[in-house]
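For reference, the structure discussed in these notes is given below.
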Amino acid sequence: MPYLDHAATTPMLPEAIQAMTEELGHTGNASSLHAAGRRARRVVEESREGLARALGARPSEVVFTGGGTESDNLAVKGLYWSRRAEDPRRVRVLASPVEHHAVLDAVIWLAEHEGAVLEWLPVDSHGRVHPEALRRALEADPHSVALATVMWANNEVGTVMPVRQLADVAHEFEVPLHADAVQALGQVPLDFASSGLDAMTVTGHKVGGPYGVGALVLGREHAPVPQLHGGGQEREVRSGTLDVPSIVAFAVAAEHAVRGREDFARRIGELRDDLVRAVTGAVPDAVLNGDPDPRGRLPGNAHFSFPGCEGDSLLLLLDARGIECSTGSACSAGVAQPSHVLLAMGADADRARGSLRFSLGHTSTRADVDALTEVIGPVVARARRATDGSTSGVERRPPERHHGPEQGRPSGAGAGDTGERTRGERCGTR
Amino acid sequence: MTEFPGAPADQPAAVPAASASGPSSPQPPESGRPLRVLAAMSGGVDSAVAAARAAAAGHEVTGVHLALSANPQSFRTGARGCCTLEDSRDARRAADVIGIPFYVWDLAERFQQDVIEDFVAEYAAGRTPNPCLRCNEKIKFAALLDKALGLGFDAVCTGHYAKVVVTPDGRRELHRAADPAKDQSYVLGVLDAEQLAHAMFPLGDTDATKEEIRAEAERRGLAVARKPDSHDICFIADGDTQGFLARRLGPAEGDILDVDGTRLGRHNGAYGFTVGQRKGLRIGTPAPDGKPRYVLDISPVENTVTVGPAAALDVTALTAIRPRWCGEPPQGPAEYTAQLRAHGGEVPVAAELVDGELRVRLASPARGVAPGQAVVLYDGTRVVGSATIATTERVAVTA
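So the sequence lines, in the order shown, correspond to chains A and B.
Going by numbering that gives the first Met the number 0, the residue at position 159 of the first sequence is 158; the numbering climbs one at a time, nothing skipped.
Going by numbering that gives the first Met the number 0, the residue at position 133 of the second sequence is 132; the numbering climbs one at a time, nothing skipped.
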């Protein structure tokens with residue numbers, strides 16, 4: 000079964016499964032003081048050290064969480080509150096408009112409920128934030144900025160951001176910068192210390208670790224306001240009994256991914272380039288979204304718009320042929336909305352709707368790419384028929400006139416729309 | 000590349016009729032070739048059982064839930080809707096249990112344009128639309144069917160109670176369901192022959208009661224077995240149609256008149272009334288004869304509502320526009336029975352198509368006939384066609 004959705008989640012590494020299952024057989028709360036507790040604590044701390052090494056961070060900078068979404072929320076909301084508490088002028092939040100929903104919805108929530116003044120940093124047509132854009136936003140009034148947040152690499156189109164330069168600019172103005180590095184870990188060189196970041200989100204299940212565990216790598220000078228109150232297990236910033244089996248498996252997977260990153264990037268990057276050639280060969284008008292230069296793009300990512308197609312049609316047709324991929328952002332109802340990332344990059348709604356993401360990972364093979372190559376042309380042709388309906392066999396009737404005396408549309412019609420769109424837009428358009 | 004079994008290259012196959020080959024479920028046609036069926040799954044029990052029956056009959060079924068609201072509610076509020084996230088989940092769980100692929104398709108924009116805006120505009124024009132007919136004509140058996148056929152499906156399957164019968168010469172006819180109490184052929188009367196050719200109604204030829212359908216759902220392990228029926232207009236979640244219209248159209252005060260033009264009271268918007276309505280008129284002075292008064296006419300141009308005695312509601316003839324035929328349109332005047340509203344009875348009529356307009360003369364006067372509703376013509380149990388009521392002719396009555 001060609002699985003081309005590694006950016007959604009990637010298979011667990013055997014080493015991680017082994018470490019996790021072994022640990023599941025042990026009892027011990029890492030906060031307990033007896034021997035069993037000490038044993039569990041030792042496993043956690045060794046994992047923390049291993050993960051820190053892999054991430055170029057100090058062990059004390061690693062705060063384990065329940066995953067990427069929690070880490071993003073802790074960074075964005077927590078730093079907003081702590082920074083504002085230090086200085087009430089700090090209400091501006093600078094964010095890229097191509098963030099994952101875990102950041103996007105968190106900053107919008109802050110604007111809607113916590114008085115934050117949200118400013119979107121402009122992106123170019125590849126979805127990249129330029130340091131000058133951040134500079135312009137900061138220069139206007141640096142003292143009023145609580146934090147800036149720009150993802151390390153985009154989850155939809157794979158564009159890698161100039162994190163180091165962005166951090167330098169932020170620090171010129173003494174503003175902390177958070178980056179969601181969920182997609183970047185194991186794919187591009189990533190080193191917390193030399194990145195200059197103040198906070199960085201990573202998660203287990205994108206690198207061959209388990210679901211439900213992640214970390215916020217957090218400079219020691221930062222004390223974001225906790226989202227979860229309780230025992231204060233993680234630096235008084237995050238509470239909750241530590242999930243020892245998940246933590247050890249996450250650390251094993253992350254270390255493995257970082258160790259093998261160069262080989263991975265070369266092998267998967269070549270496969271991805273083949274995939275791009277194959278798709279654009281079979282569908283000449285397919286548009287590769289994101290940075291066409293492999294150096295500016297995640298090695299496993301290929302993201303296309305197929306003119307005249309709807310993404311959900313393509314997905315259904317590929318799914319039926321055993322090929323699993325993604326239309327990009329999905330909302331809670333499972334409805335494919337036009338991607339907010341593509342819209343921010345300047346694509347129109349049709350192009351945004353007619354797009355698919357193929358993402359390769361550590362188990363990807365040439366056979367996966369070949370399988371896609373074989374079907375993508377006919378699938379796109381079929382999906383186009385579903386869009387125009389011209390060959391559907393159902394005779395199309397000419398557009399009918401509105402019957403009855405010409406009353407026209409009531410002037411009030413449509414007024415009810417304005418308030419109703421907001422929830423729907425949550426799914427993608429912002 | 001592996002094509003689906005039965006996926007036609009170009010020509011979608013016509014769907015075998017449910018009743019042509021078995022009492023309870025649609026069977027593959029004589030060739031034995033399973034059809035590729037797209038099952039519209041609302042999250043309710045009927046569409047779940049319909050999809051399960053189609054799958055059990057050997058067809059290759061894919062479930063689709065239509066997201067029809069740009070603003071889905073997480074949970075049902077008040078009256079039942081069919082657009083909530085909970086309904087979407089219920090449909091997904093049913094598809095899981097049946098063991099078929101499942102997707103959610105966003106048809107909210109089409110639904111807004113073709114159903115909701117039309118609904119509001121019709122009320123604003125003094126008519127009483129039936130949005131379920133409109134949805135079947137424009138969404139389920141147009142937007143959805145087109146997309147399904149384009150993707151290589153042969154048919155769209157729904158949980159409607161209606162029967163498709165294939166005649167010996169291969170024509171497809173739409174008939175009332177075996178159980179007249181549950182029959183939904185009225186809301187399918189808008190389907191033309193092409194649409195009918197790709198429609199599958201696995202529940203239509205069952206004699207089972209609703210309770211038996213629920214029991215079947217239970218047997219099949221479908222959790223929606225005990226889910227309450229939906230009765231209201233799905234896009235008006237709280238069931239308050241008047242409130243919905245008032246929000247959309249705004250207040251428009253006007254006069255309530257009796258048939259000779261005497262002003263009896265005021266209203267907040269003529270769109271809030273339906274011909275035949277008795278309640279909610281709030282007229283202070285009683286009628287001279289002490290009998291209840293009913294809405295006789297709504298004039299959106301003058302923004303007036305005319306009321307009068309029940310006898311003035313007796314309709315003897317009507318004209319209807321936008322006729323749609325399930326097969327051949329009738330030639331010359333012909334005798335049929337007609338159903339004039341959902342859940343209404345049948346009246347014998349003589350109908351004739353004149354310059355694209357349907358003229359219907361009722362054998363005996365009928366009440367509760369509102370412009371905007373559909374008149375569906377039947378020949379026995381067979382649906383002949385339908386049209387939208389435009390004008391009515393009444394027995395002359397003075398106030």
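We put the beta carbon where it would ideally sit given N, CA and C, even for glycine.
Given the structure is predicted, the values throughout are model-derived calculations rather than measurements.
Does the beta-carbon distance from residue i to residue j come in below 8 Å?
i, j, result
"residue 103 of chain A", "residue 136 of chain A", "no"
"residue 83 of chain A", "residue 91 of chain A", "no"
"residue 138 of chain B", "residue 105 of chain B", "no"
"residue 187 of chain A", "residue 152 of chain A", "yes"
"residue 172 of chain A", "residue 141 of chain A", "yes"
"residue 340 of chain A", "residue 156 of chain A", "yes"
"residue 179 of chain A", "residue 353 of chain A", "no"
"residue 262 of chain B", "residue 252 of chain B", "no"
"residue 36 of chain A", "residue 27 of chain A", "yes"
"residue 198 of chain A", "residue 228 of chain A", "no"
"residue 333 of chain B", "residue 394 of chain B", "no"
"residue 156 of chain B", "residue 201 of chain B", "yes"
Excluding the 5 residues preceding and the 5 following residue i in the sequence, name in chain order all residues of the same chain whose CB lies nearer than 6 Å to its CB.
i, result
"residue 234 of chain B", "115"
"residue 184 of chain A", "201, 206"
"residue 350 of chain A", "304"
"residue 247 of chain A", "18, 22, 42, 46"
"residue 2 of chain A", "323"
"residue 388 of chain B", "317, 319, 370, 372, 374"
"residue 251 of chain A", "14, 15, 18"
"residue 91 of chain B", "101"
From residue i to residue j, what distance separates their C-alpha atoms?
i, j, result
"residue 40 of chain A", "residue 29 of chain A", "4 Å"
"residue 22 of chain A", "residue 12 of chain A", "15 Å"
"residue 509 of chain A", "residue 121 of chain B", "Outside the shown range of chain A (0 to 429) lies residue 509 of chain A, about which nothing can therefore be said."
"residue 222 of chain B", "residue 45 of chain B", "12 Å"
"residue 124 of chain B", "residue 136 of chain B", "21 Å"
"residue 73 of chain A", "residue 226 of chain A", "6 Å"
"residue 312 of chain A", "residue 59 of chain B", "17 Å"
"residue 211 of chain A", "residue 242 of chain A", "9 Å"
"residue 79 of chain B", "residue 245 of chain B", "Any reading at residue 79 of chain B must be qualified, since the residue scores a pLDDT of 42, below 50, and its modelled position is unreliable; the value itself is stated next. Going from the Cα of residue 79 of chain B to the Cα of residue 245 of chain B covers about 21 Å."
"residue 218 of chain A", "residue 145 of chain A", "16 Å"
"residue 384 of chain B", "residue 302 of chain B", "33 Å"
"residue 317 of chain B", "residue 220 of chain B", "48 Å"
"residue 145 of chain B", "residue 153 of chain B", "10 Å"
"residue 126 of chain B", "residue 321 of chain B", "15 Å"
"residue 34 of chain B", "residue 49 of chain B", "15 Å"
"residue 232 of chain A", "residue 63 of chain A", "9 Å"
"residue 328 of chain B", "residue 267 of chain B", "42 Å"
"residue 256 of chain A", "residue 294 of chain A", "19 Å"
"residue 61 of chain B", "residue 36 of chain B", "6 Å"
"residue 343 of chain A", "residue 63 of chain B", "30 Å"
Return the Cβ separation of residue i and residue j in integer angstroms, given the expectation that the two are a contact with Cβ distance under 8 Å.
i, j, result
"residue 128 of chain B", "residue 371 of chain B", "5 Å"
"residue 279 of chain A", "residue 270 of chain A", "Their Cβ separation, rounded to whole angstroms, is 15 Å, which puts residue 279 of chain A and residue 270 of chain A out of contact at 8 Å."
"residue 322 of chain A", "residue 282 of chain A", "So it is not a contact: roughly 15 Å between Cβ atoms."
"residue 50 of chain A", "residue 175 of chain A", "Going by Cβ atoms, the distance from residue 50 of chain A to residue 175 of chain A rounds to 21 Å, so no, they are not a contact pair."
"residue 274 of chain B", "residue 297 of chain B", "7 Å"
"residue 391 of chain B", "residue 368 of chain B", "5 Å"
"residue 382 of chain B", "residue 375 of chain B", "6 Å"
"residue 127 of chain A", "residue 158 of chain A", "5 Å"
"residue 191 of chain A", "residue 317 of chain A", "Not quite, the Cβ-Cβ distance comes to about 37 Å (not below 8 Å), so this is no contact."
"residue 67 of chain B", "residue 110 of chain B", "4 Å"
In chain order, what residues of the same chain lie with their CB nearer than 8 Å to the CB of residue i, ignoring the 5 residues before and after it?
i, result
"residue 178 of chain B", "160, 205, 206, 207, 208"
"residue 81 of chain A", "221, 222, 223, 224"
"residue 110 of chain A", "92, 116, 117"
"residue 323 of chain B", "136, 188, 189, 190, 191, 384, 385, 386"
Report all residues from its chain with a CB closer than 7 Å to the CB of residue i; omit the five preceding and five following residues, and keep chain order.
i, result
"residue 29 of chain B", "Residue placement at residue 29 of chain B is poorly supported in this model, since its pLDDT is 41, which falls under 50; the coordinates still yield a value, given next. Closer than 7 Å at Cβ, skipping near neighbours: no residue."
"residue 326 of chain B", "170, 172, 192"
Along the stretch 96 to 117 of chain B, where does the CB come closer than 7 Å to a CB of chain A? Name the residues. Taking 7 Å as the upper bound on Cβ-Cβ separation, chain A lies near residues 100, 102, 103, 104, 105, 116 of the stretch 96 to 117 of chain B.
Within 9 Å of chain D by C-beta, residues of the stretch 180 to 191 of chain B in sequence order: Of the chains in the structure shown, none is chain D; the protein chains are A and B.
Counting only Cβ-Cβ distances shorter than 7 Å, please list the residues of the stretch 295 to 323 of chain B near chain A, keeping chain order. Those residues of the stretch 295 to 323 of chain B placed with their C-beta closer than 7 Å to a C-beta in chain A are 299, 320, 321, ordered along the chain.
Residues of the stretch 303 to 323 of chain A in Cβ contact with chain B at a cutoff of 7 Å, in chain order, please. Per Cβ criterion, the list reads 311, 312, 315, 316, 318, 319, 320.
Taking only beta carbons into account, state which residues of the stretch 132 to 154 of chain B come closer than 7 Å to chain A, listed in chain order. Within the stretch 132 to 154 of chain B, 144, 145, 146, 148, 149, 150, 151 place their CB atoms closer than 7 Å to a CB of chain A, listed in sequence order.
Against chain B, which members of the stretch 32 to 58 of chain A pass a CB distance test of less than 7 Å? Those residues of the stretch 32 to 58 of chain A that come within reach of chain B (Cβ to Cβ, closer than 7 Å) do not exist; the list is empty.
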